[in-house]
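J.: After the structure tokens below, expect a handful of questions from me.
Right, here's the structure in full:
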């Protein structure tokens, strides 16, 4: 009968996977949202698969770093600077929609209903995470407004649309930008808030209903 | 006022990230447990970080495929075949503990309480997932038993310990192996089931308590 008090060896001192597997697990667990267990699942998936698909993944990782940069005008991710949107002469360059992330810009582009330019902040102000305006591309936005040569085509910006997420941090970021834009000769608007199309009213939260009432739109005088 | 019926463009037809980012997202979403959102988080993390760490990840992915193989004796992951455990003359080569996955072997090694060899099945029988014994290393295990020259050091295997996970599929796999080993001249045992050391009895499920009662150990005649 084994002694009842024997304790297992601490895992960090014990044997482990072969060194190349451990190195891969270390690199994988550095990624956001990947814990040790997920890293193991991914590593075993790669070990089971063919070398071709592992190489494609490795190449995609290195390529993305060498081929992608930020647009000198709007800070969005791009292969060429200025990015295709800033470079397009068909866009209204006096109109700039400010968003938090590249994916927000994509979401707006996919509606095919906006013809102006963008400015990507690359985040939102979040004091709890230690993220202030100096960590975002706020200074680039203000420079674009103050100096038309820094905007696409040298066009003066006439309207700035605030398109932050409708969250506490998004609202805080919008408030900060509003203060910065107060004294500047530009119109400032923000995306409408209200009932999300396709939802049912009974699912809407109090905050959504309050937005819908406050921002009600006239359909007949 | 915008028309109330306008629908957003389908996301797969709309604009997307620059091509290298999309290629990375495609490769990342092929990995188990990584959806589009997680892939975006990882891609942005890599884009924000330095090229050095992205290159380390890429290299770890390719290295793991080129440097890691399976031990010819026990099928465990290894840089050299036979693996260090099978190659060690200090291990009892007449004793083989059969486990499902490399991580199970590591868990046992970390206890530093087992001095025999291993056999890694690389999975468990799971009819619902279409995994049968032919997808595992069962044939290699039987060959090791039937032909001592296929075991480490040419030693005849005297005892096989079944160390599958205490799950429905683990039990099914153990049952299958038991049938295969029935007619072979080896002792067959399985890892003990019972109360997990360090737990409280009131947390134990009915199945755990039933195992503990059925497998009760004599401490006085």
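Chains as they are written, first to last, in our numbering: chain A, -8 to 212; chain B, -8 to 212. Backbone N, C-alpha and C define an ideal beta-carbon position, used for all residues, glycine too. Quick caveat: nothing in here was measured; it's all calculated off a predicted structure.
Using the C-alpha atoms, what's the distance from residue 135 of chain B back to residue 82 of chain B?
T.: Computed Cα separation, rounded: 16 Å.
J.: Please report whether the beta-carbon of residue 0 of chain A lies at a distance below 8 Å from any beta-carbon of chain B.
T.: Residue placement at residue 0 of chain A is flagged as unreliable, the pLDDT there being 38, under the threshold of 50; a coordinate-derived value is accordingly withheld.
J.: Would you grab the beta carbon distance between residue 68 of chain B and residue 59 of chain B for me? Rounded to a whole angstrom, and I think it's under 8 Å.
T.: 6 Å
J.: On a CA-only basis, which of A:187, A:212 and A:209 is nearest residue 200 of chain A? Give me that one, please.
T.: A:187
J.: When we look at the beta-carbon of residue 216 of chain A and count the other beta-carbons within 10 Å, is it buried (16 or more) or exposed?
T.: There is simply no residue 216 of chain A to check, as chain A begins at -8 and stops at 212 in what is shown.
J.: In its own chain, which residues sit with a C-beta less than 7 Å from the C-beta of residue 97 of chain B, not counting the 5 before and 5 after it?
T.: Same-chain partners within the cutoff: there are none.
J.: For residue 42 of chain A, would you say it is in contact with chain B, using Cβ-to-Cβ distances shorter than 8 Å as the test?
T.: Judged by the 8 Å Cβ criterion, residue 42 of chain A is in contact with chain B.
J.: Taking the straight line between their C-alpha atoms, what separation do you get for residue 114 of chain A and residue 74 of chain B?
T.: The C-alpha of residue 74 of chain B is placed about 48 Å away from the C-alpha of residue 114 of chain A.
J.: Does chain B have any CB closer than 8 Å to the CB of residue 46 of chain A?
T.: yes
J.: Taking the alpha helix (DSSP H) that residue 186 of chain B falls in, what are its first and last residues?
T.: Counting along the chain, residue 186 of chain B falls outside any alpha helix (DSSP H), and DSSP gives it neither H nor E.
J.: Report yes if the C-beta distance between residue 125 of chain A and residue 86 of chain A is below 8 Å; otherwise report no.
T.: no
J.: For residue 54 of chain B and residue 27 of chain A, I'd like the C-alpha separation in whole angstroms.
T.: 19 Å
J.: Do you know offhand how far residue 100 of chain B's Cα is from residue 7 of chain B's?
T.: 48 Å
J.: Over what stretch of residues does the beta strand (DSSP E) that includes residue 126 of chain A continue unbroken?
T.: Counting along the chain, residue 126 of chain A falls outside any beta strand (DSSP E), and DSSP gives it neither H nor E.
J.: At a cut-off of 7 Å, would you count residue 142 of chain A as near the ligand COA, judging by its Cβ distance to the nearest heavy atom?
T.: Ligands displayed in this structure: none; no statement on the ligand COA is therefore possible.
J.: 8 Å is my cut-off, CB to CB: does residue -3 of chain A come that close to chain B?
T.: At residue -3 of chain A, the pLDDT of 43 sits below 50, so the modelled position is not reliable and the matter cannot be decided from this model.
J.: Find the residues of chain A that neighbour residue 29 of chain B, judging by a C-beta separation of less than 7 Å, and give them in chain order.
T.: 24
J.: Touching or not, the stretch 171 to 179 of chain A and the stretch 104 to 118 of chain A, by the rule of three or more beta carbon pairs under 8 Å?
T.: Contact between the stretch 171 to 179 of chain A and the stretch 104 to 118 of chain A is absent, because fewer than three Cβ pairs lie under 8 Å.
J.: Residue 163 of chain A and residue 116 of chain A: beta carbons closer than 8 Å?
T.: yes
J.: Helix or strand or just coil, what does DSSP make of residue 202 of chain B?
T.: helix
J.: To the nearest angstrom, report how far apart residue 14 of chain A and residue 20 of chain A are at their CA atoms.
T.: Distance between the alpha carbons of residue 14 of chain A and residue 20 of chain A: 10 Å.
J.: Report all residues from its chain with a CB closer than 6 Å to the CB of residue 147 of chain A; omit the five preceding and five following residues, and keep chain order.
T.: 139
J.: Could you please give the first and the last residue of the uninterrupted alpha helix (DSSP H) stretch that includes residue 112 of chain B?
T.: Segment: none, residue 112 of chain B is in no alpha helix (DSSP H) and carries neither H nor E.
J.: Per DSSP, which one or two residues make a beta bridge with residue 178 of chain B?
T.: B:150
J.: Tell me which residues of the stretch 55 to 89 of chain A have at least one Cβ-Cβ distance to chain B shorter than 7 Å, keeping chain order.
T.: Listed by position along the chain: 55, 56, 58, 59, 68, 69 and 70.
J.: If distances are taken between C-alpha atoms only, which option among A:93, A:31, A:36 and A:182 comes closest to residue 65 of chain A?
T.: A:93
J.: So, is residue 102 of chain A buried or exposed, given that buried needs 16 or more other C-beta atoms within 10 angstroms?
T.: exposed
J.: Does the beta carbon of residue 97 of chain A come closer than 8 Å to any beta carbon on chain B?
T.: At least one CB atom of chain B sits nearer than 8 Å to the CB of residue 97 of chain A.
J.: DSSP three-state label for residue 57 of chain B, please.
T.: helix
J.: If contacts are defined as beta-carbon pairs under 8 Å, then residue 144 of chain B and residue 84 of chain B qualify, I think. What distance do you get, rounded to the angstrom?
T.: 5 Å
J.: If we cut at 8 Å on Cβ distances, does residue -6 of chain B have a partner in chain A?
T.: With a pLDDT of 45 at residue -6 of chain B, under the threshold of 50, the modelled position of that residue is not reliable, and the figure given next carries that caveat. Not an interface residue.
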